[in-house]
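Asks:
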Amino acid sequence: MMGSGSVLTGTLACAAIALWSASVQAGGLEKQISPQVKLELIAGDGSNGDLSLEELKASATERFMLIEADGDYLRLDKLKGTVSYCQESNDSWRCLPAPFAEQAYEAEIEDLAAEIDELTASVEDAEAGRQTAEDALETARETIASLQEDLADMRRQLSERSVPRRPGSAVDGTEPLSSLEEGAPDTRAADEPAQLPEDEEELERILSFSESAMRRFFGLMKELQQDFDQDQNGG
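Read in order, the letters of the sequence shown correspond to residues -26 to -1, 1 to 209 in mature numbering (1 follows the signal peptide of the UniProt record, and there is no 0).
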């Protein structure tokens, strides 16, 4: 981006030209220029050559006007109406044509417009990334809710299998003891399916693994959301 010094230079150049124009209109400056200055104009003013600071200041004669600007100098050619920007380089001064204010402002506007376009594109990309993260988070929440329901069903089934059956109850489905004849063999224990501790332990391991995996998944999604929020706040 063009710095404020370029804009200031263009502004001062424009002001210098306006001053020159007013001088010409007021007194016919070209007619007031001495013959020596006219000879300098014919021979060439050497404004683009290397000058010492003393030579540069000495050039502020009847023809030239020096205006200090941020440690450098603007040199107005009062005969031509042109402005040169004089800068020091390698212990010498070189004067080059200065940009006019309008050109400097137009360049500044173009740079700002390009920067705005770049920032707009960055904001759009960030919004798209945020929407993607929010969609992924919502999907994760739905998945977690479904896993929680499945886990609750599995725990309920495990609890029902672990409840001991009271003989003669509705759950047992057998006749009470009073209906059995004395001395008759009790075959209910043989008819009931035997409880298998190995199956229950395996089911418990599956449930524990599912719950642990679900918690890790939810933790990862939470970290992803936090990282995204930090990037947005930091950017």
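Just so you know, even glycine gets a beta-carbon here, dropped at the ideal spot from N, CA and C.
All values reported here derive from a predicted model rather than from experimental measurement.
(1) So the candidates are ASP51, GLU28 and GLU29; which of them puts its Cα closest to the Cα of PHE38?
(2) Excluding five sequence neighbours on each side, which residues of the same chain lie with their C-beta closer than 6 Å to the C-beta of TYR47?
(3) Between ASP24 and the rest of its own chain, which residues show a CB-CB distance below 8 Å, the 5 nearest in sequence each way excluded?
(4) Give the DSSP-derived three-state secondary structure of ARG68 in the structure shown.
(5) Tell me the DSSP secondary structure of CYS101 in three-state form.
(6) By the DSSP assignment, the beta strand (DSSP E) with LEU48 in it spans what residues?
(7) Can you tell me whether VAL97 is buried or exposed, with buried defined as 16 or more other CB within 10 angstroms of its CB?
(8) Considering Cα atoms alone, identify which of ALA43, LEU53 and PHE202 is closest to GLU36.
(9) Considering just the uninterrupted stretch of the beta strand (DSSP E) at GLU42, what are its terminal residues?
(10) Among residues of its own chain, excluding the 5 on either side of ARG190, which ones have a beta-carbon nearer than 8 Å to its beta-carbon?
(11) If contacts are defined as beta-carbon pairs under 8 Å, then ALA114 and MET188 qualify, I think. What distance do you get, rounded to the angstrom?
(12) Using a Cβ-Cβ cut-off of 8 Å (strictly less than) and excluding sequence neighbours within five positions of VAL11, which residues of its own chain qualify?
(13) What three-state label does DSSP hand SER33 in the structure shown?
(14) Once the 5 residues before and after MET128 are set aside, which same chain residues still bring their CB inside 6 Å of it?
(15) Relative to the C-alpha of ARG49, which residue among GLN122, PRO71, GLU62 and LEU177 is closest?
(16) List the residues that DSSP assigns as beta-bridge partners of ASP24.
(17) Taking the alpha carbon of LEU132 as the reference point, which residue from ASP203, GLN204 and ARG179 has its own alpha carbon closest?
Replies: Once the coordinates are examined:
(1) Ranking the options by Cα distance to PHE38, first place goes to ASP51.
(2) Close CB contacts of TYR47 within its chain, under the 6 Å cut and outside five residues either way in sequence, are with LEU40 and CYS60 (chain order).
(3) These residues qualify, in order along the chain: SER66, TRP67 and ARG68.
(4) The DSSP-derived three-state label of ARG68 is strand.
(5) One point to set straight first is that residue 101 is Glu, not Cys, in the sequence displayed. In the structure shown, GLU101 falls within a helical segment according to DSSP collapsed to helix, strand and coil.
(6) Note, LEU48: beta strand (DSSP E), 46 to 51.
(7) Taking all protein chains in view, the Cβ of VAL97 is surrounded by fewer than 16 other Cβ atoms within 10 Å, so the residue is classified as exposed.
(8) Of the candidates ALA43, LEU53 and PHE202, the one whose C-alpha sits nearest the C-alpha of GLU36 is LEU53.
(9) For GLU42, the uninterrupted beta strand (DSSP E) run begins and ends at 38 to 43, by DSSP.
(10) Leaving aside the five residues that flank ARG190 on each side, none in its chain has a CB nearer than 8 Å to its CB.
(11) ALA114 to MET188, Cβ: 10 Å. No contact.
(12) Per-residue confidence for VAL11 stands at a pLDDT of 40, beneath the threshold of 50, marking its modelled position as unreliable; the derived number appears in the next sentence. Excluding positions up to five away in sequence, the list reads THR35, GLU36, ARG37 and LEU53.
(13) Taken through DSSP and simplified to helix, strand or coil, SER33 comes out as coil.
(14) If we look at MET128 and ignore the five residues flanking it on each side, its Cβ neighbours are LEU181.
(15) Cα-wise, what sits closest to ARG49 is PRO71.
(16) ARG68.
(17) Ranking ASP203, GLN204 and ARG179 by Cα distance to LEU132 puts ARG179 first.
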